[in-house]
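Engineer:
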Amino acid sequence: MNSISFKRHRFTPDTIRLAVWLYFRFTMSLRDVEEMLAERGIDVTYETVRCWANKFGPAIAANIRKRRGAADCVWHLDEMVVRINGKRMFMWRAVDKEGEVLDVLVQKRRNKAAALKLLRKLLKNQGFVPEAIVTDGLASYKAALRDLGGLKRHKPGRLRDNNRVENSHLHVRRRERKMQRFKSQGQAQRFVSTHSAIYNTFNIQRHLVSRSTMRDFRAAAMAEWNAASAAKG
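Each position in the sequence shown, counted from 1, maps to that position plus 534 in the working numbering.
#1: Let me know the alpha helix (DSSP H) ranges lying completely inside the region 592 to 627, each 4 residues or longer, listed in chain order.
#2: Suppose contacts are defined by Cβ-Cβ distances below 7 Å. Is A762 in contact with N597 by that definition?
#3: Using CA coordinates, which residue listed in F540, L704, V699 is at the minimum distance from E632?
#4: Could you tell me which of M614, R709, L704, L650 sits nearest to L682, measuring between CA atoms?
#5: Write down every uninterrupted run of the beta strand (DSSP E) in the region 626 to 710 whose length is 3 residues or greater and which is fully enclosed by it, in chain order.
#6: For K689, I'd like the list of residues in its chain whose CB is within less than 8 Å of its CB, leaving aside the five on either flank, ordered along the chain.
#7: Return the residue from the list R544, I732, E581, E710 that minimises the CA-CA distance to A722.
#8: Would you call D750 buried or exposed, if buried means 16 or more other Cβ atoms sit within 10 Å of its Cβ?
#9: So which of M713, R740, R643 has the shortest CA-CA distance to M562?
#10: Is the beta carbon of M748 less than 7 Å from the beta carbon of I732?
#11: Report buried or exposed for L742, applying the criterion of at least 16 other Cβ atoms within 10 angstroms of its Cβ.
#12: Evaluate D637 with the Cβ neighbour count: other Cβ atoms within 10 Å of its Cβ, from every protein chain shown; 16 or more gives buried, anything less gives exposed.
#13: Check A572 in the structure and name its three-state DSSP category.
#14: Residues bridged to I538 by DSSP?
#15: Quick one: what does DSSP say Q721 is sitting in, helix, strand or coil?
#16: Among the candidates R644, V706, V663, H705, whose CA atom is the shortest distance from the CA of A677?
#17: So, helix, strand or coil for F736, using DSSP?
#18: Go through its chain and collect everything with a Cβ distance to M625's Cβ below 6 Å, but skip five positions before and after it.
#19: Sorted by chain position, which residues of the same chain lie with C-beta nearer than 6 Å to L611's C-beta, five sequence neighbours on each side aside?
Structure below.
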């Protein structure tokens, strides 16, 4: 894991880390973060917050991914439609059965080639072949898995069988509305890649644990964030 250099920035590392954390952790606009910092006596513009999010967000997300444990052996795949500059695109998402976001890819197509790209990236980054891959009825998954020799692991199911990944889309939908839609394919890809790593860290699923356990999980999540965003030197 690499420490992050905050050199040549007028504001302290703690201020920058706080701004990036607020933006990706909560459903807030850049202007909302500007107001939150102003309440704390920190005078920055929302454009400055945007620059910090674009520069430091991916670096922190990369550090978080290096610290995360292995994914579960059951993967859920799905895609949702997004409108970017009036064009219809698809956000392909993969999560494991515990709700951990494994990867997100924004692509122009919803075909075999797009499914292959997602699966190959998943297999490369995760480093193992899952026991089962659950999808909806889209034929592109079956065609892609046939090429990869994974048809025996494919479990095409009904909509409710893939609720795990369907629910995972909701967080991005809320952010998309707050941002008044994504502005480009590249901007959407950068945001969801960073957001998914930080979402994984703080996704405690508090409804499933006791209050004391939740406090422990929350403290562990903040410790993970602090380690991943630590300043160099």
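Even glycine gets a Cβ: it sits at the ideal position worked out from N, Cα and C. For clarity, every value in this text was computed on a predicted model and none was experimentally measured.
Structural biologist: The short version:
#1: none
#2: As a first step, residue 762 is located in the sequence shown; it is residue number 228 there, counting from the start. As a first step, residue 597 is located in the sequence shown; it is residue number 63 there, counting from the start. Going by C-beta atoms, A762 is nearer than 7 Å to N597.
#3: Position 98 of the sequence shown holds residue 632. Checked all of F540, L704, V699; the closest Cα to E632 is V699.
#4: Sequence index remark: in the sequence shown, residue 682 carries index 148 (1-based). Nearest C-alpha to L682: L650.
#5: 635 to 641, 666 to 669, 688 to 690
#6: For the purposes of this step, residue 689 is taken as residue 155 along the sequence shown, with counting starting at 1. Here the set comprises A666, I667, V668, T669, D695.
#7: Within the sequence shown, numbered from 1, the residue matching residue 722 stands at position 188. Looking at the Cα atoms, E710 is the closest of the given residues.
#8: Here residue 750 refers to the residue found at position 216 of the sequence shown. By the neighbour-count rule (16 or more Cβ atoms within 10 Å), D750 is not buried but exposed.
#9: Here the question's residue 562 lines up with position 28 in the sequence shown. For the residues M713, R740, R643, the minimum Cα distance to M562 belongs to M713.
#10: In the sequence shown, counting from the first residue as 1, residue 748 sits at position 214. In the sequence shown, counting from the first residue as 1, residue 732 sits at position 198. No.
#11: Here residue 742 refers to the residue found at position 208 of the sequence shown. By the neighbour-count rule (16 or more Cβ atoms within 10 Å), L742 is not buried but exposed.
#12: Taking the first residue of the sequence shown as 1, we reach residue 637 at position 103. Flag for D637 reads buried.
#13: Here residue 572 is taken as the residue at index 38 of the sequence shown, counted from 1. Note: A572 maps to helix in three-state DSSP.
#14: For the purposes of this step, residue 538 is taken as the residue at position 4 of the sequence shown. Answer is A765.
#15: Position 187 of the sequence shown, counted from the first residue, corresponds to residue 721. Q721: helix per DSSP, three-state reduction.
#16: Sequence index remark: in the sequence shown, residue 677 carries index 143 (1-based). Among R644, V706, V663, H705, the Cα nearest to that of A677 belongs to R644.
#17: Position 202 of the sequence shown holds residue 736. F736: helix per DSSP, three-state reduction.
#18: Taking the sequence shown and counting its residues from 1, the one referred to as residue 625 is at position 91. So the list reads M614, V616, V640, once near-sequence residues are dropped.
#19: The residue given as residue 611 occupies position 77 in the sequence shown. Contacts found: A628, T669.
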